[in-house]
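First comes the structure, then the notes that go with it.
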Amino acid sequence: MREIVMDTETTGFDADKDDRIVEIGGIELVNHLPTGRTYHVYINPERPMPKEAFEVHGLGDDFLRDKPKFAEIVQGFVDFIGDDARLVIHNASFDMKFLNAELRRAGRPTLPWSRALDTLALAREKFPGSPATLDALCRRFGVDNSNRQLHGALLDSELLAEVYLELIGGRQPDLVLDQPGRGAAAGVQSANTGPRAPRPQPLAPRLTDAEAAAHAEFVARLGETAVWARYGG
283 MREIVMDTET TGFDADKDDR IVEIGGIELV NHLPTGRTYH VYINPERPMP KEAFEVHGLG
343 DDFLRDKPKF AEIVQGFVDF IGDDARLVIH NASFDMKFLN AELRRAGRPT LPWSRALDTL
403 ALAREKFPGS PATLDALCRR FGVDNSNRQL HGALLDSELL AEVYLELIGG RQPDLVLDQP
463 GRGAAAGVQS ANTGPRAPRP QPLAPRLTDA EAAAHAEFVA RLGETAVWAR YGG
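Numbers given in my numbering equal positions in the sequence shown, counted from 1, plus 282.
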C-alpha cells in the first residue's frame, strides 16, 4: 500500500478567492514504512505575501519571487502522488481545498476527497477532548520537533509521518498472509513472521541525484536531531 504524507503552506485561508499555495512537501510510505522518496517545492504565488502568513512560515516575497509557478510544477506533483496513493494530511480539508483550487487553475483534474486520510480527525477520534495539533501530537508520542521554529511543508510532513505511524499503532510492516490452501489447511491463513531472504540484486534507486542532493541539503540545515535521521534516510 502506497501513501503520501504531505503538507502545504499558503498565503492565507481562502482558497476560493486569491490565496495560493507557496510550498508543498511530501513523504512516500509503502506498507507504512518510509521509502526515502520525498517531494518538496516552493511556489511563486503570483501575489504579495500577507504579514500574518509570513509570520507562520517565513516565506516572503523576495524569497518566492524567482520560484516556479504552480502550473510549472504541477506535472511533477501529479507524477509523485500518482493515481491512487492515499494522501495522509493533518486537517485534510484545508490542504485538499487548496490543492484542488490550484489544480483547477492549471486545467488539471481535481483530487477526489476519498483519497485523503485526515490525521486530525483520526487523533480526535483516538484521543477525544485532547489537543490534536501536530505539535501536541509530537509531544504525546515523544517525536522531536525542537527544530520546528516555523511551519515548513517538508519538515511538517516528516513529523506527521512519524505521528501518523504512532496513531495507527506504531511503525511496523504489515503481516504477509499465506493464501488459503498454500502450505496450510484450506481456508486457514497464517502470519508469515519469519525473516525474508534478501533480494538477489538490490532494487534500482528511484531517487534522482538532484532530489537526493536537495533533500540532503535540507536535512543538514535541520541539524543532527532531524526527525528524518531516525528513518536512516
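Quick reminder that beta carbons are idealized off the backbone N, C-alpha and C, glycines included.
Is residue 425 helix, strand or coil when you go by DSSP?
coil
Going along the chain, which residues of its own chain have a beta-carbon closer than 7 Å to the beta-carbon of residue 443, five neighbours each way excluded?
287, 309, 311, 316
Count the other C-beta atoms from every protein chain shown that fall within 10 angstroms of the C-beta of residue 392, then say buried if there are 16 or more, exposed otherwise.
exposed
Please state the DSSP three-state secondary structure of residue 398.
strand
Buried or exposed, going by whether 16 or more other CB atoms sit within 10 Å of the CB of residue 302?
The residue is buried, with at least 16 neighbouring Cβ atoms inside 10 Å.
Assess contact between the region 399-407 and the region 332-343, defined as three or more Cβ pairs (one per stretch) separated by less than 8 Å. Is contact present?
no
Do residue 318 and residue 439 have their C-beta atoms closer together than 7 Å?
no
Might you give, ordered along the chain, the residues of its own chain that have their beta carbon closer than 6 Å to the beta carbon of residue 339, omitting 5 neighbours on each side?
291, 432, 433
Can you tell me whether DSSP reads residue 497 as helix, strand or coil?
Reduced to three states, the DSSP call for residue 497 is helix.
Does the distance from the C-beta atom of residue 314 to that of residue 436 stay below 7 Å?
no
How big is the Cα-Cα spacing for residue 324 and residue 342?
11 Å
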